[in-house]
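For reference, the structure discussed in these notes is given below.
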Amino acid sequence: MKLQTKYKLIIADDHKMFLDGLLSILMHESDYEIVYTANNGKDIKKYLDINTKENIDLAILDINMPEIDGVTLNQYIKNKRSSIKTLMVSMLTEPQKIYQLTHDGVDGYISKNAKKTELLHAIETILQGNKYFSENIKNIYTKSIFDQDKEAQIVLTQREKQILQLIAQEYTTQEIADTLFLSKYTIEGYRTSLISKLKVKNLVGLAKYAIKHGLVD
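Quick note on UniProt numbering: the sequence shown kicks off at 1 and runs consecutively.
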């Protein structure tokens, strides 16, 4: 009788207590073989670079890790070792990160607070060729899509972009007025309008928007 082939897993997480708990769960499952663990993304990348012919079925990754984070590591795996499935297990629920991961082809995402049954169900689902995202991650992803669409609808005039650039460069209202040959009151009007239009709270929010959208070098 031929023995069933085990699925080969690699795991990266910089929290030792969580990593030990994960190993304890998976080592009691007869279908899985843990072939490598690391506390940072760089070691996982190095392992994959060296062991190019080893058939790894699934990489379980955290997002916030030293050296190389989970988002970057997932991109690397999908580009260089696309046969390897990836599952994120993280406390991080930042919409932009979740949007990026799904865009890069991550196969699943669950919270570190997930129950053992959900973890095993997620792994099994992914290894069968399907995607698995916990309900809260689905909701955050939906919100991230909505936010992306909403942001895409914002159109700035050339003058508004100029003012945002100068705000991000820490120009005062009077300095902006002098630079653009406008009155101080006109600049204050633009500033108030931009805060409302971009849905930020203050000048810091305007500066962050300018930097995020490449309006400032």
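Even for Gly, the Cβ is constructed at its ideal location relative to N, Cα and C.
Check: Exposed unless 16 or more other CB atoms sit within 10 angstroms - verdict on Ile98; Outcome: buried
Check: Limits of the beta strand (DSSP E) - the one that Lys85 falls within; Outcome: Lys85 to Ser90
Check: Inter-residue spacing [alpha-carbon to alpha-carbon] between Leu206 and Ile167; Outcome: 7 Å
Check: Under 9 Å between C-beta atoms of Lys45 and Ile68; Outcome: yes
Check: Whole runs of the beta strand (DSSP E) within the segment 2-46, excluding any shorter than 3 residues; Outcome: 7-12 and 32-38
Check: Range of the contiguous beta strand (DSSP E) that encloses Tyr109; Outcome: Gly108 to Ser111
Check: Candidates Tyr47, Ile56 and Thr102, of which the one nearest Thr5 by Cα; Outcome: Ile56
Check: Enclosing alpha helix (DSSP H) for Leu164 [first to last residue]; Outcome: Gln158 to Ala168
Check: First and last residue of the uninterrupted alpha helix (DSSP H) at Thr210; Outcome: The sequence given here has Ala at residue 210, not Thr. Looking at the DSSP string, the run of the alpha helix (DSSP H) that includes Ala210 is Leu203 to Lys212.
Check: Residue(s) in a DSSP beta bridge with Ala59; Outcome: Ile10 and Thr86
Check: Contact the segment 75-91 vs the segment 27-40: 3+ CB pairs below 8 Å; Outcome: no
Check: Bridge partner(s) assigned by DSSP for Phe133; Outcome: Tyr109
Check: Beta-carbon proximity of Leu194 to Ile163, cut-off 9 Å; Outcome: yes
Check: First through last residue of the alpha helix (DSSP H) which encompasses Pro95; Outcome: Pro95 to His103
Check: Own chain, CB closer than 7 Å to Ser83, minus 5 neighbours either side, in chain order; Outcome: none
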